[in-house]
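Per mature numbering (1 follows the signal peptide of the UniProt record, and there is no 0): the sequence shown = residues -19 to -1, 1 to 763.
For each residue, glycine too, the CB sits at the ideal point set by N, CA and C.
All values reported here derive from a predicted model rather than from experimental measurement.
Right, one structure below, let's go through it.
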Amino acid sequence: MLPIHSFITLSSLFGLALGLGSSCSAPLGSGHGDPNTPYWLETIKHQGSSPFNPNQTREHPYEVFRNVKDFGAVGDGKHDDTAAIQAAMTLGNRCGNLTCESSSLTPAIVYIPQGTYLVSDAIDAYFYTQIIGDAKRPPTLLASTDFRGFAVIDADPSKQVKNETEPWYINQDSFYRSIRNVVIDTRQMKPEAGAIGIHWEVSQSTSLVNVVVEMSQEKGTNHTGLYMEAGSGGFMGDLVFNGGKIGMSVGNQQFTVRNATFNNVTAGVNALWNWGWTFQDVTANNCEIAFNLTTGSVGSEAIIDATISNTKVFVSNSAPSHHKLNGSLVLNNARLHNVPVAVGIYGSDEVVLAGSSGSDDDAYIDNWAQGNAYVGTSDTPRFVQQAIPPINKPGSVVTPAGKIYGRGHPQYAGLDYTEVVSVKSEGAAGDGRQDDTRTLQRVIDEWWGCKLIFFDAGAYYVTDTLRIPAGTQIVGEAWSQVIGGGPKFADEANPHVVVRVGEEWEQGVTEISDMLFTTRGPAPGAIIMEWNAHEPAGQQGACGMWDTIFRIGGAAGTNLQEECPAGNLDPKCQAAFLGLHLTQSASAYLEGTWVWTADHDVDNVNQTQLSIFSARGILSESLGPVWMIGTASEHNTLYQYNLHQAQNHWIGFAQTETPYYQPVPNPPAPFRLHPEYHDPHSYANQTDAWAIYVRESWGVTVFGAGLYNFFKNYTQDCLANTTCQTDVFDVDDASTVQIYSLTTVGTTYQLDVRGRPAINATANSEGFQDTATLWQRWEMEL
């Protein structure tokens, strides 16, 4: 282990992964596909399955992949394709229409080839669905002139039941959704119509990627690109909104948005309510208002790397703060061209922060904040509404232009279908029963580095470590599962890795997307993933995971459902030793990664609460760079995030929840502390899991976090006076950490410095939640 103060040249320790797979002759690169042929996902053989779905037979298996043209869609912009697309969505007794609120048994990809698809009613998106368009030539969903639905795509439709309108899903449990590579066009509808492109009331493990919404640009337009009234997200990125009254009208506990562009929109973002959102890399051109925060219910908005042009107001608030809390706001690295007001008050001439004075004048906001700021352990807030000291950003996490690095979901649009190898075609069963360890290892050993390794939808049971060399690219299908189980993962005293990505100090372009990793209980010794791989020199962000989930228990195939009712302490419900371990040699770009120990049964009609025990969430010892963009870690016994001798980490937004069963038992029970894995030294005065625990770490920035505790042993009386948990976030004296937009629920103290309370939540109430805008260790010049 390198000491944190070592000045050894790290590049001397890294080595490129040796060679390629044994059947390879040349590296994969960007591919050799014909640009005029369909996207490889359309062309490959589809043999994905849902092995635990009971409503299928060998003769009539459940179909995961559905091409809408196979259901009669034409895609010529003239024929009404609504019924055909909806038929593709609903095939197979899927979860929706008030018959089911959640299920892991009916995953689907609804694939839309190139074309223009006329729709006259909403496409109702069912639970556990990925809507994917051709990544080469994204299709268009064109709303007809007589369109009658609530939204072109509706992720949470409502239905009239006994004179009441009931939504299909519970908004904070609406998991497993993705829409990517589509254009939504509402311009044929009347400008004054209340057109909505996407209704996206969703929760964790959801994403919008590479989506364009075209709306009317006529005077008086009433079109909205994206509408979201509730939920607990989530990530979205690479979005473009053209025209309309509102680009995004959004209310949700938390979300991360990366790379969003608003062109000729009256209001780019209309925030209805939130506890905390992080916006990274935002562009607004020719708008009235870029961010409209005027409802009085917006708890926290953290905006970084914004470019605003020819727009009247960058941020509009509901009322002047005048030295009192009125929503936390952080603006960093914002460039304004012809934007007279940077921060203003709706309906008033009051200017809180001036912008650029004219069409030839530019303004720059280095770092500005509104809200309570803290220093060290003083526990005394100072209200700020002004420029604040710059963020110290390690060079490895920013681009040459000074922006936080971001990278979209890999889609491999340049590949030919022959450059994709299916693990099922190579002999893997994926039935959740047969041991696929040797077969998967053989496929990886043969083809890593020269083929895209495709895990067809299914459940792949492994009984020993699956080794993925640095330089491997893996894609799943509707969150293909790798399930670790058996004797090697059963001993807490001797933890064993389920999936190892790269060997120590190994470099290579390493990408995993659309996968789900889990265990079959009991598995108290399972380290679900150990990540060693590091990006090659000069290839920033080349090692990462996108839309990848760690789901521990609570679903079919885990043996951790009805076996583990709430309140039990049965050892058979010990499900994992550690979720994700970023080792010292690793670099990682994590976007939309969720490490979730199930609090309820996804497949139970009543979503019954469970007590499942996973000892640790995410442990990072990485020297960096590490980006955690829209990540979450929930319900793990000891901690959700633990940074030990970590360096060069950018984290935002990070979301956690404390286990519902605590403090019965108190941590570390039912596990033991393992100093070799850098566990917190003692829980003598700690009755709950740490949300974030930082020791001897440098260059760490938290740019938006929501740390929540809703329960004390499954009761919620503690919420009234924020006593569900005393301490939730601890940083030691040796670490250099910057914290912005820190939101908590149910906790007495929002931050400790080596056990000494530094931020008392009572001073930071923003409604149901409490938000501290800024914490730095050393005195700030303000």
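Legend entry - Integer Cβ distance of HIS625 from HIS659, believed to fall under 8 Å: Counting from one through the sequence shown, the residue named residue 625 turns up at place 644. Counting from one through the sequence shown, the residue named residue 659 turns up at place 678. HIS625 to HIS659, Cβ: 4 Å. Contact.
Legend entry - At least 3 beta-carbon pairs within less than 8 Å: the stretch 532 to 541 vs the stretch 479 to 494: Judged by pairs of C-beta atoms under 8 Å, the stretch 532 to 541 does not touch the stretch 479 to 494, as fewer than three such pairs exist.
Legend entry - Residues that DSSP places opposite GLY741 in a beta bridge: For the purposes of this step, residue 741 is taken as residue 760 along the sequence shown, with counting starting at 1. Before going further, note that residue 741 is Asn rather than Gly in the sequence given. Residue pairing for ASN741: DSSP places it in a beta bridge opposite TYR730.
Inset, instruction - Give a yes or no on contact between the stretch 248 to 262 and the stretch 217 to 229, applying the rule of three or more CB pairs nearer than 8 Å. - result: Result yes; three or more Cβ-Cβ pairs closer than 8 Å.
Inset, instruction - Please list, in chain order, all residues of the same chain as ALA103 whose beta carbon is under 6 Å from its beta carbon, the five residues on each side excluded. - result: Reading the sequence shown from its first residue, position 122 is the one you call residue 103. The beta carbon of ALA103 is closer than 6 Å to those of GLY130, PHE131, ALA132 and ASP135 in its chain, skipping five residues each way along the sequence.
Inset, instruction - Put GLU492 into one of helix, strand or coil per three-state DSSP. - result: On the sequence shown, position 511 is the one that residue 492 refers to. It is a strand residue.
Inset, instruction - Hey, could you find the ends of the alpha helix (DSSP H) ASP426 is sitting in? - result: If you number the sequence shown from 1, residue 426 lands on position 445. For ASP426, the uninterrupted alpha helix (DSSP H) segment begins and ends at 418 to 428.
Inset, instruction - Determine the direct distance from the alpha carbon of ILE455 to that of PHE272, and round the result to whole angstroms. - result: Within the sequence shown, the letter at position 291 stands for residue 272. Within the sequence shown, the letter at position 474 stands for residue 455. Between the C-alpha atoms of PHE272 and ILE455 there is a straight-line separation of about 37 Å.
Legend entry - Three-pair Cβ contact test at 8 Å for the stretch 198 to 205 versus the stretch 147 to 163: Taking 8 Å as the limit for Cβ pairs, the verdict is that the stretch 147 to 163 does not touch the stretch 198 to 205.
Inset, instruction - List the residues that DSSP assigns as beta-bridge partners of MET229. - result: On the sequence shown, position 248 is the one that residue 229 refers to. Bridge partners of MET229: LEU207 and VAL250.
Inset, instruction - Could you spell out where the alpha helix (DSSP H) holding TRP577 opens and where it closes? - result: For the purposes of this step, residue 577 is taken as residue 596 along the sequence shown, with counting starting at 1. Element bounds for TRP577: not the alpha helix (DSSP H) but the beta strand (DSSP E), 575 to 578.
Inset, instruction - Please name the residue in TRP460, GLY325 and ASP341 whose C-alpha comes closest to that of SER334. - result: As a position in the sequence shown, residue 334 is number 353, starting the count at 1. It should be pointed out that residue 334 corresponds to Leu in this sequence rather than to Ser. The candidate whose alpha carbon is nearest that of LEU334 is GLY325.
Inset, instruction - Sort ASN348, PRO381, ASN373 and THR380 by Cα distance to VAL365 and report the nearest one. - result: Here residue 365 corresponds to residue number 384 of the sequence shown, with the count starting at 1. Closest by alpha carbon: ASN348.
Inset, instruction - Ignore the nearest five residues each way along the sequence and tell me which others in ASN191's own chain have a CB closer than 6 Å to its CB. - result: To locate residue 191, count along the sequence shown from 1; it is residue 210. Counting only Cβ-Cβ distances below 6 Å, and skipping sequence neighbours, we find ARG161, ASN162 and ASP219.
Legend entry - Contacts around ASN267, its chain only, beta-carbon distance under 6 Å, and the 5 residues preceding and following it disregarded: Along the sequence shown, one-based indexing puts residue 267 at 286. Taken in chain order, the residues that qualify are ASN245 and ASN291.
Inset, instruction - Hey, could you find the ends of the alpha helix (DSSP H) GLU23 is sitting in? - result: In the sequence shown, the residue the question calls residue 23 occupies position 42. Unbroken alpha helix (DSSP H) run through GLU23: 21 to 24.
Inset, instruction - Run through the stretch 609 to 656 for me and flag every whole beta strand (DSSP E) of 3 or more residues, listed as ranges in chain order. - result: List check, beta strand (DSSP E) in window: 612 to 615, 620 to 625, 628 to 632 and 635 to 638.
Inset, instruction - Could you tell me the distance, in whole angstroms, from the CA atom of ASP751 to the CA atom of ASN745? - result: As a working note, residue 751 is residue 770 in the sequence shown. As a working note, residue 745 is residue 764 in the sequence shown. In this structure, the straight-line span from the alpha carbon of ASP751 to that of ASN745 is close to 5 Å.
Inset, instruction - Tell me where the beta strand (DSSP E) around ALA354 begins and ends. - result: Looking up residue 354 in the sequence shown gives position 373. For ALA354, the enclosing beta strand (DSSP E) has its first and last residue at 343 to 356.
Inset, instruction - Excluding the 5 residues preceding and the 5 following HIS(-15) in the sequence, name in chain order all residues of the same chain whose CB lies nearer than 7 Å to its CB. - result: In the sequence shown, counting from the first residue as 1, residue -15 sits at position 5. Bear in mind that a pLDDT of 40 at HIS(-15), under 50, signals an unreliable position, so the number given afterwards is only what the model happens to contain. Cβ neighbours of HIS(-15) beyond the five flanking positions: none.
Inset, instruction - Return the CA-CA distance between THR717 and SER83, expressed in angstroms with no decimal places. - result: Residue numbering aside, residue 717 sits at position 736 when the sequence shown is read from its first letter. Residue numbering aside, residue 83 sits at position 102 when the sequence shown is read from its first letter. Between THR717 and SER83, the C-alpha separation is close to 42 Å.
Inset, instruction - Rounded to whole angstroms, what's the CA-CA distance from LEU447 to GLN422? Just pull it up for me. - result: Looking up residue 447 in the sequence shown gives position 466. Looking up residue 422 in the sequence shown gives position 441. A direct Cα-to-Cα measurement between LEU447 and GLN422 gives close to 6 Å.
Inset, instruction - Taking only the alpha-carbon atoms, compute the straight-line gap between GLY357 and PHE710 and give it to the nearest angstrom. - result: Residue mapping note: residue 357 aligns to position 376 of the sequence shown, counting from 1. Residue mapping note: residue 710 aligns to position 729 of the sequence shown, counting from 1. When rounded, the distance between both Cα atoms is 14 Å.
Inset, instruction - Take the Cβ of ARG597 as the centre, count every other Cβ of all protein chains shown within 10 Å, and call the residue buried at 16 or more, exposed below. - result: What you label residue 597 is simply residue 616 of the sequence shown in a count that begins at 1. When all chains shown are included, ARG597 counts as buried.
Legend entry - VAL294 beta carbon less than 8 Å from that of ASN255: Here residue 255 is taken as the residue at index 274 of the sequence shown, counted from 1. Here residue 294 is taken as the residue at index 313 of the sequence shown, counted from 1. Contact flag unset, no.
Legend entry - Pick from GLU331, VAL490 and VAL311 that is closest to THR754, judged by C-alpha positions: On the sequence shown, position 773 is the one that residue 754 refers to. Ranking the options by Cα distance to THR754, first place goes to VAL311.
Legend entry - DSSP three-state assignment for GLU282, whether helix, strand or coil: By one-based count along the sequence shown, residue 282 stands at place 301. Annotated three-state conformation of GLU282 is strand, per DSSP.
Inset, instruction - Mind reading off the beta-carbon distance from SER297 to TYR327? Whole number of angstroms is fine, and I expect it under 8 Å. - result: As a working note, residue 297 is residue 316 in the sequence shown. As a working note, residue 327 is residue 346 in the sequence shown. Contact holds; Cβ gap of about 5 Å.
Legend entry - Cβ-heavy atom distance, TYR442 to the ligand PLP, below 7 Å: Within the structure as shown, the ligand PLP is missing, as the structure has no ligands at all.
Legend entry - For GLY439, the nearest candidate out of ASN617, PRO468 and ALA89 (CA to CA): For the purposes of this step, residue 439 is taken as residue 458 along the sequence shown, with counting starting at 1. GLY439 has its Cα closest to that of ALA89, out of ASN617, PRO468 and ALA89.
Inset, instruction - Out of ALA344, THR639 and GLU458, state which residue places its alpha-carbon closest to the alpha-carbon of LYS405. - result: Residue numbering aside, residue 405 sits at position 424 when the sequence shown is read from its first letter. Minimum Cα distance to LYS405 is reached at GLU458.
Inset, instruction - Leaving out five residues on either side along the sequence, give the residues of the same chain with a beta carbon under 8 Å from the beta carbon of GLU543. - result: Taking the first residue of the sequence shown as position 1, residue 543 is located at position 562. Within the same chain, GLU543 has close Cβ partners ASP582, ASN585 and THR589.
Legend entry - DSSP state of GLU602 mapped onto helix, strand, coil: Position 621 of the sequence shown holds residue 602. Reduced to three states, the DSSP call for GLU602 is coil.
Inset, instruction - Helix, strand or coil for LYS405, going by three-state DSSP, please let me know. - result: Translated into positions along the sequence shown, residue 405 becomes position 424. Judged by DSSP in its simplified three-state form, LYS405 adopts coil rather than helix or strand.
Inset, instruction - Look at the alpha carbon of VAL63 and the alpha carbon of GLY114, and state the distance between them as a whole number of angstroms. - result: The count along the sequence shown starts at 1 and reaches residue 63 at position 82. The count along the sequence shown starts at 1 and reaches residue 114 at position 133. Residue 63 is actually Thr in this sequence, not Val. If you draw a straight line from the Cα of THR63 to the Cα of GLY114, it is about 16 Å long.
Legend entry - Reduced DSSP category for THR71 - H, G, I as helix; E, B as strand; rest coil: As a position in the sequence shown, residue 71 is number 90, starting the count at 1. It is helical.
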